[in-house]
Amino acid sequence: MLDKPASVARVAALYRYPIKGFTPEPCDALTVLEEGRIAGDRVLGIRFADTVGLKDEWCKKQAFLSLMNTSGLARLAIKFDPQNMHLTMNLGGKPMIETCLDQTGRQRIVEIITQYVLDLPENPLQKHPERLPLNLVGDGLTSRYQDSSSGRVTLHGRESLRAVAGILGAHDLDERRFRSNIAVEGLIPWEEQAWIGKSVCIGEVRFRGYAAKERCLATHANPKTGERDLPVLKALLNSYDTKKPVFAISLMPENSGIIRVGDSVLCSEVHT
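In this note's numbering, the protein residues as written are 47 to 318.
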């Protein structure tokens, strides 16, 4: 049984992911939308040419270039300004892409990313010419490329992160491996897993705990080097009483609003 935490949990960090499957953009605040999404989160994606369906339609993550199939993407730092439709992508602290999302800019993004990926020792294009040309999809405004078509916001406790780090013997385990929107401090390890079906209030927003998040090979990619360096999935199976490698939970918003770093995080039973 989980013990009661010693102090009030608070938001320690917030992240959004402008390009589905790529690296996070740290934020001081996130705007949560009623439809289950975060403004500016997964508003773009880079699709393989052989994926079925409409060009700008939601589809499963296997249809996209992502950390799951291209670990070297972890070396790219992304910043996106949706107001000015301007994307910046840095590699090793140096600008690799700085462009607006007009037709010329979108084409340039695809060209640079394609060449970068083809130069990686591990890439999903070299032996699959049917996946080329890559397509940049999304309007930069509509959040639609989450893992689920219904959206959802993800949250993990840093105490759970430290528990996994201990099993791996990697005390500097980076939470960016797990691609959550919200990182919380002040819980006990795995406490957030007990929030499924409960009410979770963060800042201005009330959520309902929805499900545990099953993880994929994206967690094996070191966010600094882009190399697959740790058997995270195996560690997750040994960390928590589950038959699947889970880490973090998904939340469904019940209202719109803003959440900020430092906001308190309160969980309670749902009263009907």
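For every residue, glycine included, the Cβ atom is placed at its ideal position computed from N, Cα and C.
Since we're looking at a predicted model, the values are computed, not measured.
If I measure Cβ to Cβ from residue i and keep anything under 6 Å in the same chain, skipping five residues before and after, which residues do I get?
i    : result
A55  : V230, G232, L233, V311
P131 : For the record, residue 131 in the displayed sequence is Met; it is not Pro. Same-chain partners within the cutoff: C146, L147, G186.
E80  : S302
Taking Cβ positions, are residue i and residue j nearer each other than 8 Å?
i    : j    : result
D220 : P175 : no
R93  : R190 : no
V253 : E315 : The question names Val, but residue 253 is Phe in the sequence shown. Contact: no.
L187 : S226 : no
L60  : V307 : yes
V78  : V156 : no
H266 : V251 : no
M114 : K107 : yes
A294 : S112 : no
G151 : L90  : no
Does the beta-carbon of residue i have 16 or more other beta-carbons within 10 angstroms, so that it is buried, or is it exposed?
i    : result
P167 : exposed
A75  : exposed
N284 : exposed
L178 : exposed
I305 : buried
S195 : exposed
R222 : buried
L48  : Bear in mind that a pLDDT of 49 at L48, under 50, signals an unreliable position, so the number given afterwards is only what the model happens to contain. It is exposed - the Cβ of L48 has fewer than 16 other Cβ atoms within 10 Å.
D218 : exposed
R62  : buried
P70  : buried
R208 : exposed
T271 : exposed
Which same chain residues, not among the five before or five after residue i, have their C-beta less than 8 Å away from its C-beta?
i    : result
V292 : Q239, A258, K259, E260, R261, L282, Y286
R154 : I143, T145
G243 : R254, G255, V316
Considering only residues of the same chain and omitting the five flanking positions on each side of residue i, which have a CB-CB separation below 7 Å?
i    : result
E205 : L233, I234, P235
L164 : L171, Q172
E103 : none
From the options, pick the residue whose C-alpha is nearest to that of residue i; which is it?
i    : options               : result
G249 : Q108, G303, R154      : G303
F224 : V210, G215, E237      : V210
A123 : L133, H202, V78       : L133
G82  : S296, R306, G91, E103 : S296
N136 : I159, Q153, L182      : I159
L182 : I65, K289, Q192, A294 : I65
A109 : Y162, P72, Q192       : Q192
S245 : M298, L207, G184      : M298
K280 : K289, E273, G272      : K289
L276 : G215, C313, C247      : G215
Q338 : A58, W241, G197, G86  : Beyond the ends of the chain as shown, which are 47 and 318, falls residue 338; an answer cannot be given.
Tell me, please, whether the CB atom of residue i is closer than 8 Å to any CB atom in chain C?
i    : result
A281 : No chain C appears in the structure shown, which is made up of a single protein chain.
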